[in-house]
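To start, the structure itself, in structure tokens.
Laid out in structure tokens, this is it:
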């Protein structure tokens, strides 16, 4: 995956692209994979880096959605459970089975939630990751050694999926390129072109060179997530807003707060939401919140009330009470929820189902949805876009398409397991260049070889790309990531043949972003 080759393809293109896909998050990348695998010729444009916004800020779960079941949205749960199995089959190096325990402290909780989990089992059918079961007090503590023991009666054990969102995004991008798509990060769509009132292209500006491109397309797909309405209003300045954005915040703690391999699921918090405490990459992720917001941004900052909510609930369910000083990183993302007309209720009640819309000018907009169902969203979108553009209809191929890096025993690669089949080449790179083998910081799972690999093969352009999305260092320990940034910048500059001043600017830019991931000093 090489950005220079993508720019060359853009310059040399004589014919319209079948699809120009705006947006390089889960949905846009899914569309690029689906379209290319069918034999179409898609171009994807991402204004920042792949999965920069919402798609990198998930709770890291591939799941049917227990909360949606409680809301009665059985169809969404059923679809998500089918997609969960497909994703595990197509990317086993990134999706794993994770046991969850619902601890019960009141007499009615175990039977009530136990029945719900049995329904979850039934909906999963042959795709089930494991049957749920009741646990007594001792069994619950065996699964969750640091659960709050006072008043504990027992629990419910069930199983769901866990993944690494941005590693999946990068593998999807690589798969799309291998199937014939062209993908460009740091290429911002600044306008739409029309002929006789129909959208037939995109104006885009390279964020690195400043070069402007006019790109012709048979169909333009708006897959921009939280910026959906921005693109819709390029098409029609009078288009009304469709999104009800909601901020979800997570905190990251040391593994000692929840040792072992089981996660905690709290079905109903003080505000009625589901809360998770999940082991992930030798840390514990606690989340999430639901805070409606008026404005969207690439780097949302959580409010103190959200941080207080997460710490309070973590202290309630963990025997070892975490304080602000124990938070290694804070990350927040904006959910692009699609609200029904006239909706003004709690955003937690808005469906996570996706919606497709074709404007009078032919702009195809896909919005809503969730990571787990990205493949089905993409399939539906390409079906609709091909039909709207009167292209020859070709069936989707992604049901059983193995994603780049596919490996069914990636755990053998240790801390490089998330690279799947690529781990062998990474190991070879370290054998050839032993100076790249050592960790750059004892607090972080990053080696010099991973920086070089990200630049050579994963279209990483900046220090932030490497520390936030090619590796997950920024989410695992914000301060350690700030400290290691100069080493990463030096390696990137050497690999990309850029100056020392470029590296210095990169450190400064990354530090400005990374400070937002630190627990605020003003937090009381």
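In my numbering, the protein residues as written are 1 to 524.
Even for Gly, the Cβ is constructed at its ideal location relative to N, Cα and C.
Bear in mind the structure is a predicted one, so any value in this text is a computation, not a measurement.
Query raised in the report: Closest to residue 184 by CA distance: which of 357, 404, 4 is it?
Result: Ranking 357, 404, 4 by Cα distance to residue 184 puts 4 first.
Query - Sequence-distant residues of its chain with Cβ nearer than 8 Å to residue 171 (five each side left out) - result: Excluding residues within five positions, the ones whose Cβ falls inside 8 Å are 91, 94, 403, 404, 405, 420.
Requested in this report: Write down the C-beta distance between residue 130 and residue 97 rounded to the nearest angstrom, noting that I regard them as a contact closer than 8 Å.
Outcome: Correct: roughly 7 Å between the Cβ atoms.
Query raised in the report: Looking at residue 22 and residue 263, is the spacing between their C-beta atoms short of 8 Å?
Result: No, these two residues do not count as a Cβ contact at 8 Å.
**Report entry** Beta-carbon proximity list for residue 345, same chain, < 6 Å, skipping 5 on both sides
**Finding:** Low confidence applies to residue 345: its pLDDT is 49, below 50, so where it sits in the model is not reliable, and the reading given next is rough at best. Nothing listed; no residue qualifies.
Query raised in the report: DSSP on residue 7, reduced to helix/strand/coil?
Result: Helix at residue 7.
Report task. For residue 418, verify whether its CB is less than 7 Å away from any heavy atom of the ligand ZN. Result -> The ligand ZN is absent from the structure shown, which contains no ligands of any kind.
Report task. Can you have a look at residue 482 and say buried or exposed, based on whether 16 or more other CB atoms are within 10 angstroms of its CB? Result -> Counting C-beta atoms within 10 angstroms of its own C-beta, residue 482 has 16 or more neighbours from the protein chains shown and is therefore classed as buried.
Query - Reference residue 287; option with closest CA among 226, 310, 295, 439 - result: Looking at the Cα atoms, 310 is the closest of the given residues.
Requested in this report: May I ask you to report which of helix, strand or coil DSSP gives residue 108?
Outcome: In the structure shown, residue 108 adopts coil according to DSSP, grouped into three states.
Requested in this report: Alpha carbon to alpha carbon, how far is residue 396 from residue 178? Give it in angstroms, no decimals.
Outcome: So the alpha carbons of these two residues sit roughly 16 Å apart.
Query raised in the report: Whose C-beta lies closer than 7 Å to the C-beta of residue 455 among residues of the same chain, with five residues either side of it excluded?
Result: For residue 455, the CB contacts under 7 Å within the same chain, skipping 5 residues up- and downstream, are 492, 495, 496 in chain order.
**Report entry** Separation of residue 268 from residue 484, as counted between CA atoms
**Finding:** Roughly 39 Å between the two C-alpha positions.
Requested in this report: Give the range of the beta strand (DSSP E) segment to which residue 195 is assigned.
Outcome: 187 to 195 is the extent of the beta strand (DSSP E) around residue 195.
Requested in this report: Over the uninterrupted alpha helix (DSSP H) stretch that includes residue 426, give me the two end residues.
Outcome: Run containing residue 426: 423 to 432, per the alpha helix (DSSP H) assignment.
Query - Alpha-carbon to alpha-carbon, residue 428 and residue 280 - result: So the alpha carbons of these two residues sit roughly 27 Å apart.
Query raised in the report: Apart from the five residues on each side of it in sequence, which residues of its chain come closer than 7 Å, Cβ to Cβ, to residue 140?
Result: Cβ within range, chain order: 101, 103, 147, 152, 154, 155.
**Report entry** For residue 214: DSSP bridge partner residues
**Finding:** For residue 214, which the question treats as bridged, DSSP gives the partners 203.
**Report entry** DSSP beta-bridge partners of residue 103
**Finding:** As a beta-bridge residue in DSSP terms, residue 103 pairs with 155.
Requested in this report: State the start and end residues of the unbroken beta strand (DSSP E) segment that holds residue 22.
Outcome: Counting along the chain, the unbroken beta strand (DSSP E) around residue 22 starts and ends at 17 to 22.
Query raised in the report: Who does residue 247 pair with in a DSSP beta bridge?
Result: Residue pairing by DSSP puts residue 247 in a beta bridge opposite 291, 334.
Requested in this report: Quick one: using the 10 Å Cβ neighbour count with 16 as the cut-off for buried, is residue 453 buried or exposed?
Outcome: When all chains shown are included, residue 453 counts as buried.
Report task. Please state whether DSSP places residue 301 in a helix, a strand or coil. Result -> DSSP places residue 301 in coil when its eight states are reduced to three.
**Report entry** Residue nearest to residue 306 in terms of C-alpha spacing, selected from 291, 296, 443, 300
**Finding:** Ranking 291, 296, 443, 300 by Cα distance to residue 306 puts 291 first.
Query - Unbroken beta strand (DSSP E) run spanning residue 42, endpoints - result: Residue 42 -> beta strand (DSSP E) spans 42 to 45.
Query raised in the report: In angstroms, rounded to a whole number, what distance separates the CA positions of residue 246 and residue 319?
Result: Those two C-alpha atoms are separated by around 31 Å.
Requested in this report: Just tell me which of 468, 135, 449, 165 has its CA closest to the CA of residue 158.
Outcome: Ranking 468, 135, 449, 165 by Cα distance to residue 158 puts 135 first.
Query - residue 353 beta carbon less than 8 Å from that of residue 333 - result: Between residue 333 and residue 353, the gap from beta carbon to beta carbon reaches 8 Å or more.
Requested in this report: Measure the beta-carbon distance from residue 458 to residue 510 and round it to whole angstroms, keeping in mind my assumption that it falls under 8 Å.
Outcome: Between residue 510 and residue 458 the Cβ distance is about 17 Å, and since that is not below 8 Å, they are no contact.
**Report entry** Option nearest residue 531 by Cα separation, candidates 519, 167, 173, 17
**Finding:** Any question about residue 531 goes unanswered here, given that the chain covers just 1 to 524.
**Report entry** Alpha-carbon spacing of residue 474 relative to residue 521, whole angstroms
**Finding:** Spanning the alpha carbons of residue 474 and residue 521 requires a straight line of approximately 18 Å.
Query - Whole alpha helix (DSSP H) elements within the segment 351 to 400, 4-residue minimum - result: Listed in chain order, they are 374 to 388.
Report task. In the DSSP assignment, find the unbroken alpha helix (DSSP H) run with residue 231 in it and report its ends. Result -> Run containing residue 231: 228 to 235, per the alpha helix (DSSP H) assignment.
Query - Reference residue 386, options 34, 371, 46, 25, closest by Cα - result: Per the Cα distances, 34.
Query raised in the report: Residue range of the beta strand (DSSP E) that residue 476 falls in?
Result: From DSSP, residue 476 is part of no beta strand (DSSP E) but of the alpha helix (DSSP H) over 473 to 476.
Query - Beta-carbon proximity of residue 516 to residue 325, cut-off 8 Å - result: With contacts defined by Cβ atoms closer than 8 Å, residue 516 and residue 325 do not form a contacting pair.
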